[in-house]
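Chains as they are written, first to last, in full-length UniProt numbering: chain A, 1 to 187; chain B, 1 to 362.
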């Protein structure tokens, strides 16, 4: 059976996890792979935990949801608690090191747990608005599902109209994706 | 004005709702009537973006009752009209759809199932099977396609309009919130380039000429005075419906007619079921099969009976508390196959769960 890479991204509504998921899935599709991306949402207009499920494979993919992810990323305290259920013995669990009060809630059965200072780095070195792109870099480094180059193309496709007006935004996004990848490499 | 949004074959990566809007344009639908409800909203959104470019129309009504009846109105005027809804909206749609059943009106309703009962979740379920197949005060003389992928959504929306207008029974595309919101690849095409002939709509009312002089009067009726009068009408509907069943029934299977254990699922859950059976076959399990009814109404009764007579066990998996199960039990009545179930109302079912169930019961 073809290997399917399963990714769950979770954060607070507005943190941009759905945009990142969409870009990763589109980049995989552009590379000629099979990809499924499904957002999970409640009835709230704002707030609440927002989860994105992505699966990428060389062959057509079955059910849109999965039990355990290969990589599960949680970007808030509530997201950590909510995504524990998707963590298994083969899961790399990534969370932001600035999240407080979750020491007891971290999964205990993960293959590996990575705390990365994504929020801090995006604030201090880049700009808070590219926090999610930095997370995308980390996910791509951890999974290798699509190349950083392909992801940059997908970002260009999605945000190209903004880059036209302000080319420094392109630079900022590309830096964020590279920096996100390096945060995982350094672990 | 551009003629068509799709020429040749185009691989796209988009949400199911967007795929449906494109398919409706390519099926030469004239007008959509609708009232917003998650998770079908974007069908309306994308349709309203596309429609004006291709000379098509949209009307937002005050509720789903009205959206259903205006769809009927559009059809009576000879337009390919459709609507879309979900959950509690589907409940309200049942009244106009039973009128369409009575008067043989080729409406097309796309349902993106959400959790129930009542408002419940806006996410996903398969809990609108009973309502979509047998809802309203009637006998369920309808055609219901249960889709499982974006490719299905594209193919069956195009096919659904043809089915409705060819057989003149209300037709439904039964999707769900996952299919509505997820993004995956599918290939869009111009049906004409694949040799699919689109059935042309014709008006029920307001045709040219003078009724009784140069054409027959159009006599649309859903009210009857005597029991006997109604009986005759409904029996004629039953006869007409039963006659088309062999042409309309659709299913998909893998090893189902050779297996000891057959896993049955419809819609998006069938992806998990098919994946599970492929996985088990690859592992060397030989006596496992997969069966997916594509039409839930009419159901592939003959094939299900054949399977039930041959197999030892059935595993029925669905995201409801037994709505497909009930129909299958009725279809295989009298056989003594053992039935096992995975019933998860409003919750998705994974391939892993189905594989585990197989090992548990085999």
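We treat Cβ as the ideally placed atom computed from N, Cα and C, and that holds for glycine.
Quick one: what does DSSP say residue 173 (chain A) is sitting in, helix, strand or coil? helix
So with Cβ pairs under 8 Å, would you call residue 34 (chain A) a contact of chain B? yes
Nearest candidate by alpha-carbon position, reference residue 140 (chain A), set A:158, A:185, A:86, A:97: A:185
Who are the neighbours of residue 93 (chain A) on chain B, taking C-beta pairs under 9 Å? Simply none; closest approach about 19 Å.
Would you say residue 86 (chain A) faces chain B, with C-beta separation under 8 Å as the test? no
Please return the same chain residues whose Cβ sits closer than 6 Å to the Cβ of residue 272 (chain B), not counting the five positions on each side in sequence. 349, 350, 351, 354
Reduced DSSP category for residue 10 (chain A) - H, G, I as helix; E, B as strand; rest coil: strand
Residue nearest to residue 202 (chain B) in terms of C-alpha spacing, selected from B:74, B:332, B:230: B:74
Verify whether the separation of the beta carbon atoms of residue 145 (chain B) and residue 160 (chain B) is less than 8 Å. yes
Among the candidates B:275, B:258, B:277, whose CA atom is the shortest distance from the CA of residue 304 (chain B)? B:258
What separation, rounded to the nearest whole angstrom, lies between the Cα atoms of residue 179 (chain A) and residue 82 (chain B)? 49 Å
Please report the straight-line C-alpha distance between residue 175 (chain A) and residue 126 (chain A), rounded to a whole angstrom. 8 Å
How would you list, in chain order, the residues of chain B whose beta-carbon sits under 8 Å from the beta-carbon of residue 63 (chain A)? 268, 269, 271, 272, 275, 348, 349, 350, 351
Residue 1 (chain A) CB to nearest chain B CB: under 8 Å? Residue placement at residue 1 (chain A) is poorly supported in this model, since its pLDDT is 49, which falls under 50; the coordinates still yield a value, given next. Yes, residue 1 (chain A) lies at the interface with chain B (some Cβ there is under 8 Å from its Cβ).
So who's on the other strand from residue 175 (chain B), going by DSSP bridges? B:112
If you drop the 5 nearest sequence neighbours on each side, which residues of the same chain put their C-beta closer than 7 Å to that of residue 311 (chain B)? 259, 260, 261, 262, 337
DSSP beta-bridge partners for residue 370 (chain B)? In the structure as shown, chain B starts at 1 and stops at 362, and residue 370 (chain B) therefore has no counterpart that could be examined.
The alpha helix (DSSP H) spanning residue 156 (chain B) covers which residue range? 150-167
One question on the structure: do residue 110 (chain B) and residue 31 (chain B) come within less than 8 Å of each other, judged by their Cβ atoms? no
If you drop the 5 nearest sequence neighbours on each side, which residues of the same chain put their C-beta closer than 8 Å to that of residue 279 (chain B)? 351, 355
When Cβ atoms are compared, which residues of the segment 166-190 of chain B fall closer than 8 Å to chain A? 178, 181, 182, 183, 184, 185
Cutoff 8 Å: residue 291 (chain B) Cβ touching any chain A Cβ: no
For residue 194 (chain B), count neighbouring Cβ atoms within 10 angstroms of its own Cβ and tell me buried if that reaches 16, exposed if not. exposed
Contact residues within the segment 120-141 of chain B, judged by C-beta distance below 8 Å to chain A: 121, 122, 123
State the Cα-Cα distance for the pair residue 124 (chain B) and residue 347 (chain B), rounded to the nearest angstrom. 7 Å
Which of helix, strand or coil does DSSP assign to residue 289 (chain B)? strand
List the residues of chain B that residue 266 (chain A) touches, going by C-beta distances under 7 Å, in chain order. This structure cannot speak to residue 266 (chain A), because chain A is shown only from 1 to 187.
Under the three-state reduction of DSSP, which class applies to residue 221 (chain B): helix, strand or coil? coil
Any contact between the segment 91-106 of chain B and the segment 54-62 of chain B? By contact I mean 3 or more CB pairs, one from each, below 8 Å. no
Residue 314 (chain B): first and last residue of the uninterrupted beta strand (DSSP E) it sits in: 313-318
Start and end residues, beta strand (DSSP E) containing residue 96 (chain A): 92-96
Take every Cβ of the segment 163-173 of chain B, pair it with every Cβ of the segment 204-220 of chain B, and state whether three or more of those distances are shorter than 8 Å. no
Once the 5 residues before and after residue 250 (chain B) are set aside, which same chain residues still bring their CB inside 6 Å of it? 294, 295
When the Cα of residue 223 (chain B) is compared with those of B:128, B:101, B:191, B:50, which residue comes out closest? B:101
Going by the beta-carbon positions, is the gap between residue 50 (chain A) and residue 12 (chain A) smaller than 8 Å? yes
Applying a beta-carbon distance threshold of less than 8 Å, which residues of chain B neighbour residue 26 (chain A)? 13, 183
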